Ligand code: HPA
Ligand code: ZN
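Residue numbers (this note's numbering): -15 to 322.
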């Protein structure tokens, strides 16, 4: 074994797939609801917690979007991001590429500048305060369609220096990637990084479209890639990162239990896999909780953990010099334990 089961000094990790709105813990939800006079179906913490059980992606999204109504002010967004970054740092996260869903905030009457100012106030000083380098990836919500996506991206370009990429999330089945090509073309022309959720609930065809039509650099989730050997060959040959979210997959019943997760097979096939928390307040934990579950329930060994850590750094959009420093730390930890 390379490391003790619960390493005192966690390896440097990049978290590449998390939605900042999905880090809204029930306690903060209640606090913000009171502060902003937003009414909730219940003010009882345990009853609230009891709602965090899902049958599928849509049942989660219903609660996730409803809960976002409590976010009203710049301070709310700053506190939300601070809480995530502080917790992520304790999990070993040194780099966070954070999704946010501006369309729902706009629908709730929150202008883009409030969202950007609030989040930036946290992220811009995250390195000094938490030791985390952090950037934003703007997600378009696929259920609202490509025209709405193009509108919000164009509006957000006023804040072009505040985000590094474009992603696509929300309901997957019935909302394939291809129609969003014009939106991704605009983002590419702006020099934004490109990612998309695909192959979480929908099949491999959505992953092909994200690669070939949208031209994404990473696939978010991608667990259904294994159903298509030609797709696996392509993903392996090009080492296209898949940002896998194990606890999310179990919560949303993509897999019945963690023991049934195909992560070991994905790694065994040579896919470039990274581990992520997705919506940590809703799915039972942060990045360290995901790794603890992989160790405990999937028997992932410490050499594999180190490889997953390396993958996360390599797959990140951080500057190359910064990545080299973290990779050297991982290599040193491996050498020390070998
Ligand atoms: N999938 C799709 N949309 C989402 C997710 C997810 O895992 N989390 C937040 N929005
Ligand atoms: Zn996600």
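Each residue gets a CB set at the ideal place from its N, CA and C atoms; glycine is no exception.
All of these numbers come straight from a predicted model, not from anything done at the bench.
Residue range of the unbroken beta strand (DSSP E) whose run includes residue i
i           : result
residue 84  : 77 to 84
residue 0   : -3 to 3
residue 149 : 149 to 153
residue 117 : 117 to 125
residue 179 : 177 to 182
residue 227 : 226 to 228
residue 204 : 202 to 205
Separation of residue j from residue i, as counted between CA atoms
i           : j           : result
residue 319 : residue 312 : 10 Å
residue 305 : residue 17  : 42 Å
residue 142 : residue 104 : 14 Å
residue 14  : residue 50  : 13 Å
residue 54  : residue 68  : 17 Å
residue 80  : residue 23  : 32 Å
residue 272 : residue 48  : 22 Å
residue 40  : residue 87  : 22 Å
residue 201 : residue 152 : 13 Å
Contacting residues, own chain, Cβ-Cβ under 6 Å from residue i (five flanking each side not counted)
i           : result
residue 254 : 220
residue -12 : Because the pLDDT at residue -12 is just 40, under 50, the model does not fix this residue reliably, and the point stays unresolved.
residue 89  : 99
residue 33  : 10
residue -6  : 76
Cβ shell of residue i (< 7 Å), same chain only, five flanking positions each side left out
i           : result
residue 198 : 161, 164, 165, 168, 178 and 180
residue 157 : 185 and 186
residue 229 : 1, 205, 260, 261 and 262
Cβ shell of residue i (< 8 Å), same chain only, five flanking positions each side left out
i           : result
residue 295 : 225, 256, 257 and 258
Span of the alpha helix (DSSP H) around residue i
i           : result
residue 257 : No alpha helix (DSSP H) contains residue 257, which is instead part of the beta strand (DSSP E) from 257 to 259.
residue 289 : 286 to 299
residue 236 : Element bounds for residue 236: n/a, residue is neither H nor E.
Next item on the list: Spell out a yes or no on whether the stretch 256 to 266 and the stretch -1 to 16 are touching, meaning 3 or more CB-CB pairs, one atom from each, closer than 8 Å.
Entry: yes
Check: Hey, is the stretch 211 to 228 in contact with the stretch 182 to 202, meaning 3+ C-beta pairs nearer than 8 Å?
Finding: yes
Note to self: Could you check whether the stretch 121 to 131 touches the stretch 94 to 103, counting it as contact only if at least three pairs of C-beta atoms, one from each stretch, sit closer than 8 Å?
What the structure shows: The stretch 121 to 131, when compared against the stretch 94 to 103, does not touch it at the 8 Å Cβ threshold.
Check: Using the beta carbon as the reference atom, which residues fall closer than 6 Å to any heavy atom of the ligand ZN, ordered along the chain?
Finding: 1, 3, 153, 181, 204 and 262
Next item on the list: Check whether the stretch 275 to 282 touches the stretch 245 to 254, taking contact to mean three or more Cβ pairs, one atom from each stretch, closer than 8 Å.
Entry: Between the stretch 275 to 282 and the stretch 245 to 254, the count of C-beta pairs closer than 8 Å reaches three or more; the two stretches touch.
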